Amino acid sequence: MHDTQKFLMRRYLLGAVDEGEREQVEERFFLDPEYHAELLGAEEDLVGDYLENNLSAQDRNLFRRHYLATPQKLQSVQLTAALRRYCSTAETETTQVKVLADSNPQSRARLSSVPTWRFAYAAVAIAALIIVSVTLTLVFRKQRGPTEGDISRQLRELNSPQSAGKTPGASIVLLPVTLRGEGESPNLSIRPGTEVVLLILVLPRDDYPAYTISIQRDNDAKPFTIDGLPATNTAAGKALSLKLPAWFMSSQGYAFEVKGLTADGSLKSVAEYTLKVHP
Amino acid sequence: MFRELVFNQTQFDLMLKWLGDDRDAAGTKYEEIRENLVRLFTWRGCYDAEELSDEVINRVTVKIEDLLAYYEGDPARYFYGVAKKLLLENQRKQRLQAPLSDVAAYDPATPDENSALDLIYECLAVCMKELKPSESNLIVSYYAGEKQEKIRGRKGLASQSGVAPNTLRVRVYRIRETLEKCIKRCVNREK
Chain P
965 MHDTQKFLMR RYLLGAVDEG EREQVEERFF LDPEYHAELL GAEEDLVGDY
1015 LENNLSAQDR NLFRRHYLAT PQKLQSVQLT AALRRYCSTA ETETTQVKVL
1065 ADSNPQSRAR LSSVPTWRFA YAAVAIAALI IVSVTLTLVF RKQRGPTEGD
1115 ISRQLRELNS PQSAGKTPGA SIVLLPVTLR GEGESPNLSI RPGTEVVLLI
1165 LVLPRDDYPA YTISIQRDND AKPFTIDGLP ATNTAAGKAL SLKLPAWFMS
1215 SQGYAFEVKG LTADGSLKSV AEYTLKVHP
Chain F
110 MFRELVFNQT QFDLMLKWLG DDRDAAGTKY EEIRENLVRL FTWRGCYDAE
160 ELSDEVINRV TVKIEDLLAY YEGDPARYFY GVAKKLLLEN QRKQRLQAPL
210 SDVAAYDPAT PDENSALDLI YECLAVCMKE LKPSESNLIV SYYAGEKQEK
260 IRGRKGLASQ SGVAPNTLRV RVYRIRETLE KCIKRCVNRE K
């Protein structure tokens, strides 16, 4: 990338460009993948220079006045500052431990004085225990299949805020039956290899701090319930994001009922959704 | 505040189809466009970048039948065009805000900022432990080191992982999003 382009990107991020230059940068950002990557790189460098006090007084002022003008950017720069501090410390600690272990004759001597066979014996015993317990669990699971309790636990875990989560391999936006109108349910086909399916349940309104979703599959006697889900902003408005394991989404019909948690702890029906999963 | 729901399921499905025949690839493209819109509005100093981005998507999606019939070109260009129009509308409504006095701008050279940063730092240490080991290792490698060393490190990291620097940046961006959510929850608990 040419230096003049890099200079233009930095001026853009600092809000020091005219209308024509701004459009030029933005349009290329949207349409040219290489330029897109360069602009994001330029932004990282600019934030880095600010945090390391490498900006001129004028640029520093522009950075504070323009770039840090929104709470989102402010938080983002604070996170970058914290990450840099954390990562430098983590890296230093790792290096120190490595250097100590490599260079300290006493620690090397201590380590070498422990008989190697004891480590080997313990490792073999632990490995054998793990293999036996995993094999027994798998055999047992295969025989009985997942219980309702197992399924409920997995659904809760997948939708908990702490869940690191797998990237959904399939997703669909569902409108409430009342908004969608009577007629065929939306259809979903799940490709082999998909692990998680994301359902976005669009809410007709967002009146509650948390919601409960009951999931009724055609072939089940009773529904599974997930509670404590917050509404989030999506392109289709306020919605609940529901993640389901692909193995749970067998080919059949599904009905979802969303209820809102009221101040007195009771649940009030908000919307119903339907879905058909096809092979 | 914009209208909350303006398009139907069919229009949304058509919009995804406009972005690509393969539904998964179209979903990825949709996410990319939305992320780019959020960045654009944030760079332009909009407080409500997420809401504005969703409004752009709403406006494009309700016109999808016409776009499929008459529009030729990269859909991303059309999204950008609508975003520019929305920015103009918002300037008129004075929705754009950039007064320094209204925002406690973060200045690493100011000692007062250190206490706010300390809390974020403490929460970050907690949140890093909630990441998968591969994710926390990537973050540590990505942010460690000073400027030149960092640039060299990132290039090496991308090449080690067998991915382009931009792909690496996107991976880090996703992990940062997870960290940001976790830190927000933690800071709110501690306040």
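Protein sequence lines correspond, in order, to chains P and F. All letters in the first sequence, in the order written, are residues 965 to 1243 by our numbering. All letters in the second sequence, in the order written, are residues 110 to 300 by our numbering. Here a beta-carbon is modelled for each residue, glycine too, at the ideal position from N, C-alpha and C. Computed from a prediction, not measured in an experiment: that's the story for all the values here.
Within the same chain, Lys1202, Ala1203, Leu1204 and Ser1205 come within 8 Å of Thr1196 of chain P by CB-CB distance, once the 5 residues on both sides are set aside. Lys1037 of chain P reaches chain F at Thr151, counting residues in chain order whose Cβ is nearer than 7 Å. Under the Cβ distance rule, Arg1120 of chain P does not count among the residues neighbouring chain F, no pair being separated by less than 7 Å. The region 1137-1189 of chain P is shown to contain whole alpha helix (DSSP H) runs of 4 or more residues at 1141-1144, in chain order. Close partners of Asn1197 of chain P in chain F (Cβ separation under 9 Å): Glu159, Glu160 and Asp163.
Linking Phe993 of chain P to Leu1003 of chain P through their CA atoms gives a straight-line distance of about 7 Å.
Under DSSP, the beta-bridge partners assigned to Phe1220 of chain P are P:Ile1179 and P:Tyr1237. Excluding five sequence positions before and after Glu244 of chain F, the CB atoms of its chain that fall closer than 6 Å to its own CB belong to Ile284, given in chain order.
Measuring C-alpha to C-alpha distances from Lys1232 of chain P to each of P:Asp1171, P:Asn1183, P:Leu1208 and P:Phe1212 identifies P:Asp1171 as the nearest.
Nearest to Tyr1014 of chain P by alpha-carbon distance, out of P:Val1041, P:Gln1036 and P:Thr1176, is P:Val1041. In the three-state scheme derived from DSSP, where H, G and I count as helix and E and B as strand, Asn246 of chain F is classed as helix. Within chain P, the residues Thr1034 have their CB atoms less than 8 Å from the CB of Cys155 of chain F, given in chain order.
Partner residues in a beta bridge of Asn1123 of chain P, as assigned by DSSP, do not exist. Check the Cα spacing between Arg278 of chain F and each of P:Val989, P:Glu998 and P:Glu983: the tightest is with P:Glu998. Against Arg1049 of chain P, the close residues of chain F are Tyr230, in the order they occur along the chain (beta-carbon pairs closer than 7 Å). Within chain P, the residues Leu1047, Arg1048 and Cys1051 have their CB atoms less than 7 Å from the CB of Tyr252 of chain F, given in chain order. Using a Cβ distance threshold of 7 Å, Leu1162 of chain P and Ser1135 of chain P count as a contacting pair.
Within the model, the alpha-carbon separation for Leu1139 of chain P versus Asn199 of chain F is close to 29 Å. For Ser162 of chain F, the enclosing alpha helix (DSSP H) starts and ends at Ala158 to Val171. Within the model, the alpha-carbon separation for Val1222 of chain P versus Tyr1031 of chain P is close to 41 Å. DSSP places Pro1132 of chain P outside both helix and strand once states are collapsed to three, so it counts as coil.
Less than 7 Å separates the beta-carbon of Thr170 of chain F from that of Met124 of chain F. For the pair Val165 of chain F and Thr968 of chain P, the Cα-to-Cα distance works out to about 31 Å. Listed along chain P are Tyr1050, each with a C-beta nearer than 7 Å to that of Ala234 of chain F. A direct Cα-to-Cα measurement between Ile1115 of chain P and Ala225 of chain F gives close to 42 Å. Close to Ser1215 of chain P, with beta-carbon spacing below 7 Å, lies no residue of chain F; the smallest spacing is near 18 Å.
Taking the beta carbon of Gly136 of chain F as reference, the chain P residues within 8 Å of it are Ser1135, listed in sequence order. Rounded to whole angstroms, Thr1044 of chain P and Ala1219 of chain P show a C-alpha spacing of 43 Å.
The straight-line gap separating the alpha-carbon atoms of Asn117 of chain F and Asn246 of chain F is approximately 43 Å.
Burial check for Arg1117 of chain P: the Cβ neighbour count within 10 Å stays below 16, so the residue is exposed. Contact of Pro242 of chain F with chain P by beta-carbon distance below 7 Å is absent, the smallest such distance being about 11 Å. The distance from the Cβ of Tyr139 of chain F to that of Leu128 of chain F is about 6 Å, consistent with a contact at the 8 Å cut-off. Taking C-beta separations shorter than 6 Å and ignoring five residues to either side along the sequence, the partners of Leu1208 of chain P in its chain run Val1161, following chain order. Under the three-state reduction of DSSP output, Pro997 of chain P falls in the helix class. The C-beta separation of Ala185 of chain F from Ile248 of chain F comes to about 29 Å, leaving the pair out of contact by the 8 Å criterion.
Membership of Leu197 of chain F in the alpha helix (DSSP H) is indicated by the continuous run Pro184 to Arg201.
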